[in-house]
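Going down the list, the protein sequences come from chains A and B. Numbering-wise (my numbering), the first sequence opens with residue 1409 and increments by one. Numbering-wise (my numbering), the second sequence opens with residue 5 and increments by one. Take a look at the structure set out below.
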Amino acid sequence: MAYMAYLVLSDGTAYEGRGIGYSGEAVGEVVFNTGMTGYQELLTDPSYTGQIVCMTYPLIGNCGVNAEDVESDAPKVRGFIVRNLCEAPSNWRSEGTLNDYLIKHKIVGLEGIDTRALTKKIRDGGTMSGIIAQTLPDEKKLAAVKAYAYRYPVGDISVKTAYETGGGDKRVAVIDYGLKNNILASLKRMGCRLKVFPSTVSAEEVLAYAPDGIMLTNGPGDPKENVREIETVKKLIGKKPMFGICLGHQLIALALGGDTQKLPYGHRGANHPVKDTATGKLFITSQNHGYAVRAETLAAKGTVSYLNYNDGTCEGMRYNDGLTFSVQFHPEVCPGPRDTAHLFTEFKDSIDAFSKQ
Amino acid sequence: MAKDPGIKRVLIIGSGPIAIGQAAEFDYAGTQACRALQNEGIYTILVNSNPATIMTDKQMASRVYLEPLTPAVLKNIILKEKPDSILPTLGGQTGLNLACELYESGFLTEHNVRLLGTNVDSIKKSEDRELFKETMEAIGEPCIESAIVYSVEDAVAFSKGAGFPLIVRPAYTLGGTGGGIADNEAQLKSVCKAGLSASRVGQCLIEKSVAGWKEIEYEVMRDEADNVITICSMENLDPVGIHTGDSIVFAPAQTLRDQEYQMLRSAALNIISALKICGGCNVQFALNTKSMEYAVIEVNPRVSRSSALASKATGYPIAKVATLIAVGYRLDEIINGVTGKTYACFEPTIDYVVAKFPRWPFDKFTEANKTLGTRMKATGEVMAIGENFEASLLKAVRSLELGFISLDYKKYGDMTKDELYCALALKNDERMFCVCAALRKGVSVALINEITTIDPWFLFKIKGIVELEERFKQIKGLKNLPIGLLKDAKQKGFADKAVAKWIGETEDAVRRHREKNGIRPVYKMVDTCAAEFDAVSPYYYSCYQTENEAHPVPNQSIVVLGSGPIRIGQGVEFDYCSVQCIRAVKESGYEAVIINNNPETVSTDFDISDRLYFEPLTSEEVWNVLALEKPAGVVVQFGGQTAIKLAKAVEDKGYRILGTSVDSINDAEDREAFDRLLETLKISRPAGRTVYTGEEALDAAHALGYPVLVRPSYVLGGQGMEIAYTDAEIRDYMDIINQTEQEHPILVDQYIEGKELEVDAICDGKDILIPGVMEHIERTGVHSGDSISRYPSATLKDAVVERLVDITKKLALGTKTLGLINIQYILKGDDIYIIEVNPRSSRTVPYISKVTGIPMVHLATRCCLGERLADMGYGLGLYKRSKVTAIKVPVFSNEKLPDLEISLSPEMKSTGEVLGLSYDPGEAILKGLYASGLKMDKGGVFISVANKSKAEMLPLAKALYALDFTLYATEGTAAALAAEGVAANAVKKLHESDDIERIIKSGKVKIIINTPTKGRNTRRDGFRIRRMAVENGVSCFTSLDTVSAFVEALKVGKNDGELSLIALQDIM
């Protein structure tokens, strides 16, 4: 039975809607995503750890859920906000409704609020924390919402013990900061065998695997909190071909002495145009990040390979060592447009070239 | 890259007259192209034969040619204007074909004219079936397996590899006559055999059937630097099997997972890259509902109806960007007008749901075949934007103006389950309502899906609407209506009027009740980016959420009501008037606001008005906008009958109508009030009566004497208008008309045969200005929209003209007209009778404005705002007679509508019009006929006329004979001709032999002259001959007046390459 529920932002703004998913409360950083498809991939993307995600497209859940369209073992979002949740999905792969899925995975959700008003609020006021609850929070609770901070989420979600997966003649060490399954799948398609390491792995352990290349994955949170991880990356840079995606991209930048900044409201969606600075070519990319690399702090270390058309932020770096490159967007997609899949080929080419030397 | 400095003079080819399958969307695209090029400082030369369009306005291009769209004419324009380039992809298939033909003839190369945008090789690759298949195979994109066969054996051989089901399509037959679906070899043999014999070249296309697969479309763009983006995905509610133009379509695609969406998106981008298209492109896919299997159905390497829809659905101006790409810009060099800051190189994302619903002509053509298939039948469409699926669908249904206020349609509601199963299997224009009725009766989604193959997602959503409708029916009175339920219904797009009907209250009571409870719409912006960026586009839709984004200042704006979907009788000309009115309003210092629901039009381009509300044109939605805008006034006289019908609702809520008042509008439409006025003014009209029942109609007919003209009051386009000669015809007519509830009475008038004259006048309440008097070529009894019309009149005596001006002035003042008025007259001898008065703009306003140079809508708008004609500089009374003769020729889409009676009658049938302009009146007719697509080659003429017309036919037959036509006639007629010294080949009547069929099918006969006897009996010879003509692409004249114009034109003795050229800029 439908029940009333609210989203209350840290500034006190309240939105009244209906509760969906798991019945309970959820506090997190409220962000919006403008993608029109791929809600299940998005829910299970570990980069959303600790966040309440609001979908700007109003009809969500149309295709139900299935066992395949997942980017990790379970949903990682803290809360989920939609305008309309589909009760009767239809897709040949559908195994159940999104609502049941949210309930099963204890994800608290909210339906029926003016999601566009919320989006504009975040756009204009910047990302803020909020709570989904069945009653309006009292002052004490609101103060807790205001004080909400999720420190070092990577530590919580990275794999605890290393494991190997895939087969092939080239070995890639993958450092998991909250990886999306499709990064592994993309590397496997390139014919790589993989060893996935916890984020806290030491450089020595990684190198002991004798990798042909190193992949730094996506992940949640403020990159600067990953102190130990940055130290490891520092030691690994220049040793092997290295490819960083999203958080991986930011950690490389920090490891090389560069800086990152928090974006006002981040980039989350499947329509972000980036420019390949070498060729001038345009690519539409899938993005999910709240921080960006300040390219000007790395001028001596490398060049910007991709730029965001909308706000001019750095979307990729190519470093002077000729081995290290990284992108802020998600070439592994799922969800999102597949225009930049060539980056995995590029990585593989770099690995092949390096191992021939 | 940037603009190519070598591009200085560009020829833009328009799409010509509105026809089914090629409508106002190309006026929208062409207008954007003209504006974009003008902004670039490029000298533009526009050619389009359609005078009702905005793009052919003098200001839209440096040179505007209203000329026939034939290769010979285009060549002469190129020689005269010396363009350096041609923009071929904005004028529909017509423009594209012409450009390709000119290119292939070597003419363009010879004269150093290049084609902008996509090159001809690429166009060929997407249009030629074989080349397309090869290209797709080369890049690994799957096509639908097919083969061309000349024998049943070949077909069977193909089936061994391809499997079943297979579709058999005979070559060169219209409407797929003789084709069919085969599920096994036995069926294939019989269907193929029939198909081969139906095809005049004995050829069939055998194609793997993907009927029932999802039909998904992508609008994609590419620039010369190979940057590719997707603008919009669309999903047809009607799966593969029904033409996308006849499908209910939603944007974005609703039932695709990211995997499927991205797979097809990548495929679309691969295709546009492989084809090297520069500009916009539409790619249609069939997607298996049970796997990831898909096939490319079709690619359109140009802007299209779908791109217009995608532009309106997202706010991304595809035609404008495509134009800029064509002159050399890259996507990242073109500013996104919606944000004003970002560039065109992004993919729009939307945060609402868009529905497109086709508008079919079957409300008028009750006897035409309504089955939907691969040949498009809709004349227009509506679009609706909603916060969810339900709201977008219901808003779209209400926008159709077919009387639907909900999904509850009585016709199907009364059917039994068994009847519904049968009805569901019919793919026709009412399938949506049939589905609703079935759901209402408890038929399962699974079963409906099995019968219709409509995706269960849509069916479940529709079921939700139906269940909510049923809940309302259980509630009696507002006091029993839970507020939560009402709010839910409003969010889902339910109309107050529907709620009121179900719970037994008035619409006003429901409205007051919900407003009292805070249930009011807010307006959200269409911004291409789902609010991610701050946008400036003044483009809004309503929804029942919390935050309003439209913030007008009271008393600053004037609201213009648009004309809704293109339908027969209300076409693009009313959009022309609306846009002109918007411009005039802006110039007067007010903010111009438009409400409209047609995605194909210029008026719904977001940068035409100061604010665009994309909403149904119903009283509820109009009131809502007015409540927000608090406008200084509302203009209703330019949006056709759609807007006129809303006048009372506007006034009832206390808003000011600018222009002719509601009372005056009613007086002009109300028979008795109008008769009283005519009596006072001493103006005659054919005697007539107002009736409601069949008996009353018979009494009236007897009193007046046959023939009589019967028609409903308050109609446009002569809807349901007929000449009746017998009691039986009156009875038939009244039976049909009374099937739907008639709010207004039926008029029975004496039919007077004479010359029809038409006048459009502007009146400021004191003075009038008449740009000119138009004379119809066909005598009374043919709808004015279907008549060839001539301005200035060739035959009128000065005294008659003077009296016409006098009567027009009396009528304009007598009806208290403020703004435009359209009057149709009959001239019999020297007597003038009134046929009808329309207190609004008319179909003829655009072309008369263009020919005379009087900006009629502009002046009329200023009159509405209180200015005086005397101060406008165009004089008063009748404007000086133009030296140029303008001939307006109607254009029909008969070949698209099987079983339609094509003969000219009081009921309008044409979908579009063209203009012929010349200083020589005869040549003007010739140009008009050329422009209309009539083949002017000499050849065989088959004459078969009613007995009463034989005497009149004789001189025409003689003239044709003298012009070297070979005559064929039925035995009686041939004998009569022989007696006059005209040799004609005698043929036997249709029911006696296959003579007639043979001469038509063999191509011996190029023209058929067949005047109808009476009635619309489809079994009669005449009807069958006329349809045979249409089916075989043979021109058919059904009025001898048209034939005499044809003869007059032929006597000019010019082919299209010898015609004079006139640019609008040269007419003074």
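Cβ atoms here follow ideal geometry from the backbone N, Cα and C, with glycine treated the same way.
Query                                                                                                                            : Result
Cβ of L720 of chain B within 9 Å of any chain A Cβ                                                                               : Bear in mind that the predicted position of L720 of chain B carries a pLDDT of just 49, short of 50, making it too unreliable to give a figure here.
Any chain A beta carbon closer than 9 Å to C285 of chain B                                                                       : no
L1587 of chain A in three-state terms, based on DSSP                                                                             : coil
C-alpha distance - D1025 of chain B paired with K374 of chain B, whole-angstrom precision                                        : 23 Å
Chain-ordered chain A contacts of K294 of chain B [CB-CB under 7 Å]                                                              : W1500
Residues that DSSP places opposite G944 of chain B in a beta bridge                                                              : B:T970, B:V1009
Proximity test, Cβ basis, 9 Å: D262 of chain B and chain A                                                                       : yes
Neighbouring residues, chain B, relative to P1497 of chain A (Cβ below 8 Å)                                                      : W461
The stretch 1618 to 1632 of chain A contacting the stretch 1659 to 1671 of chain A, beta-carbon criterion three pairs below 8 Å  : yes
Chain B residues whose Cβ lies nearer than 8 Å to that of R1524 of chain A                                                       : D355, K528, A534, A535, Q549, E551
Beta strand (DSSP E) segments (min. 3 residues) lying fully within the stretch 751 to 837 of chain B                             : 759 to 767, 772 to 774, 777 to 780, 793 to 795, 823 to 832
Cβ neighbour criterion (16 or more within 10 Å) applied to R689 of chain B                                                       : buried
Neighbourhood of A813 of chain B by C-beta distance below 6 Å, restricted to the same chain and skipping five residues each side : Checking the sequence shown, residue 813 of chain B turns out to be Lys, not Ala. Excluding positions up to five away in sequence, the list reads I772.
Beta-carbon spacing of H1697 of chain A, G1720 of chain A below 9 Å                                                              : no
Interface partners of L1467 of chain A on chain B, CB under 8 Å                                                                  : Q258, V357, N392, F393
Minimum C-alpha distance to E519 of chain B - residue among B:P749, B:V540, B:W627                                               : B:W627
Partners in chain B for K1683 of chain A, counting only beta-carbon separations shorter than 9 Å                                 : D336, C349
Unbroken beta strand (DSSP E) run spanning G1487 of chain A, endpoints                                                           : 1487 to 1490
Neighbour flag for F610 of chain B against chain A, beta carbons, 9 Å                                                            : no
Straight-line Cα distance separating E454 of chain B from G1472 of chain A                                                       : 21 Å
Runs of beta strand (DSSP E) wholly within the stretch 604 to 652 of chain B (minimum 3 residues, chain order)                   : 615 to 618, 637 to 639
Residue from B:G165, B:I143, B:S310, B:Q584 whose Cα sits closest to the Cα of S277 of chain B                                   : B:I143
Proximity below 9 Å, CB of F618 of chain B to CB of C581 of chain B                                                              : no
Which residues DSSP lists as bridging N432 of chain B, in chain order                                                            : B:T375
T1767 of chain A at chain B interface by Cβ criterion, 9 Å                                                                       : Shown here, chain A extends from 1409 to 1765; a query on residue 1767 of chain A therefore has no answer.
Below-9 Å beta-carbon distance, L273 of chain B vs any chain A residue                                                           : yes
Contact set for N292 of chain B: own chain, Cβ-Cβ below 6 Å, skip 5 residues either direction                                    : W217
Cβ-based burial, S396 of chain B [other Cβ within 10 Å; buried from 16]                                                          : buried
Length at least 4, wholly inside the stretch 1632 to 1665 of chain A: the alpha helix (DSSP H) runs in chain order               : 1635 to 1644, 1655 to 1663
Contact with chain B by T1452 of chain A, beta-carbon distance below 9 Å                                                         : no
Cβ of N231 of chain B within 9 Å of any chain A Cβ                                                                               : yes
I426 of chain B classed as buried or exposed, judged by whether at least 16 other C-beta atoms fall within 10 angstroms          : The residue you asked about is not Ile; residue 426 of chain B is Cys in the sequence shown. Under this definition C426 of chain B is an exposed residue.
Residues near I233 of chain B by beta carbon distance below 6 Å, same chain, minus five either side                              : M225, E351
I1645 of chain A at chain B interface by Cβ criterion, 9 Å                                                                       : no
Length-filtered (4 minimum) alpha helix (DSSP H) runs lying within the stretch 1588 to 1624 of chain A                           : 1589 to 1597, 1611 to 1616
Short Cβ contact (9 Å threshold) for D609 of chain B with P321 of chain B                                                        : yes
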